[in-house]
Amino acid sequence: MNKLFKTLQVVGVILLINSNMIAKAQAACDDPAAAVMRIMNCIENENAFCAASGYASNFAKYHNTLDTDTNRPGYFFWLGAFLFIDFELEFDHVVNVAENQVSMRYIETVTFNDGEVFTQYEHALVTVNNSCRMEMWDQYGDNKEQQDVDDKAATLFPF
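Here it is as structure tokens:
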């Protein structure tokens, strides 16, 4: 009986440890705003590896509720973008609004390597996963401002 009791105690401790580890693994991102701002700083500093590290594999981007069909921006995406484009982001509102969700209002200045500059006034609701990687970028802004940038980028990246 004593051996059975000790075995049950060990099993109980193992179950407790495992359930604690699972709970920690499923915990929400501690500070979604800080996580997203870290990635925005990577983009402004043209650090492709750092920028790519902030996206979840199921990342989706929306503009005025329409799916932009943007694939997960990986290392080579950012490396190529930084060869031709500079991004300047000026945030005037960044706040955690819900678990794993950030509201951001900002001005994005996009400068292409030929000197052409575009300014976009946007508001985004960004959702991160429990690992603090961005899963959804749901931005709202002027359609013409976005289309102008997309059209210019298409001349550089026709694929």
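Read in order, the letters of the sequence shown are residues -27 to -1, 1 to 132 in mature numbering (1 follows the signal peptide of the UniProt record, and there is no 0). All C-beta atoms in this analysis are idealised placements derived from N, C-alpha and C, irrespective of residue type, glycine included. Remember, it's a predicted structure, so these values are computed and weren't measured experimentally.
C-beta atoms of Q119 and H36 nearer than 8 angstroms: As a first step, residue 119 must be located in the sequence shown, where it is residue number 146. As a first step, residue 36 must be located in the sequence shown, where it is residue number 63. Cβ distance < 8 angstroms, so Q119 and H36 count as in contact.
Looking only at its chain, what residues have a beta carbon closer than 6 angstroms to the beta carbon of A(-5), apart from the 5 residues adjacent to it on each side? Position 23 of the sequence shown, counted from the first residue, corresponds to residue -5. Residue confidence for A(-5) is low, a pLDDT of 44 falling below 50, so the modelled location carries little weight; the figure read from the coordinates is stated next. Counting only Cβ-Cβ distances below 6 angstroms, and skipping sequence neighbours, we find nothing.
Enclosing beta strand (DSSP E) for S69 [first to last residue]: As a working mapping, residue 69 is identified with position 96 in the sequence shown. Per the sequence shown, the amino acid found at residue 69 is Asn instead of Ser. I58 to A71 is the span of the beta strand (DSSP E), which, as asked, contains N69.
Nearest to K117 by alpha carbon, out of N102, F91 and C23? Indexing the sequence shown from 1 puts residue 117 at position 144. Closest option to K117, Cα to Cα, is F91.
Would you say the segment 100 to 111 touches the segment 71 to 79, given that touching needs at least three Cβ pairs under 8 angstroms? Three or more Cβ pairs closer than 8 angstroms define a contact, and the segment 100 to 111 meets that threshold against the segment 71 to 79.
Report yes or no: do the segment 24 to 33 and the segment 41 to 50 share at least 3 C-beta pairs separated by less than 8 angstroms? Touching, yes, given that three or more Cβ pairs across the two stretches are closer than 8 angstroms.
Does F32 pass the burial test, meaning 16 or more other C-beta atoms within 10 Å, or should it be called exposed? In the sequence shown, residue 32 corresponds to position 59, counting from 1. Under this definition F32 is a buried residue.
Comparing alpha-carbon positions, which option in E61, C15, T41 and V68 lies nearest E81? Translated into positions along the sequence shown, residue 81 becomes position 108. Measuring C-alpha to C-alpha distances from E81 to each of E61, C15, T41 and V68 identifies E61 as the nearest.
Nearest-angstrom Cα distance between D87 and A127? Numbered from 1 along the sequence shown, position 114 holds the residue referred to as residue 87. Numbered from 1 along the sequence shown, position 154 holds the residue referred to as residue 127. Approximately 14 angstroms between the Cα atoms of the pair.
Hey, quick one: how far does the alpha helix (DSSP H) through A7 stretch, first residue to last? Taking the first residue of the sequence shown as 1, we reach residue 7 at position 34. Looking at the DSSP string, the run of the alpha helix (DSSP H) that includes A7 is P5 to E17.
Relative to the alpha-carbon of L39, which residue among W110, V101, N14 and V68 has its alpha-carbon at the smallest distance? Numbered from 1 along the sequence shown, position 66 holds the residue referred to as residue 39. In this structure, W110 is the residue among W110, V101, N14 and V68 with its C-alpha nearest to the C-alpha of L39.
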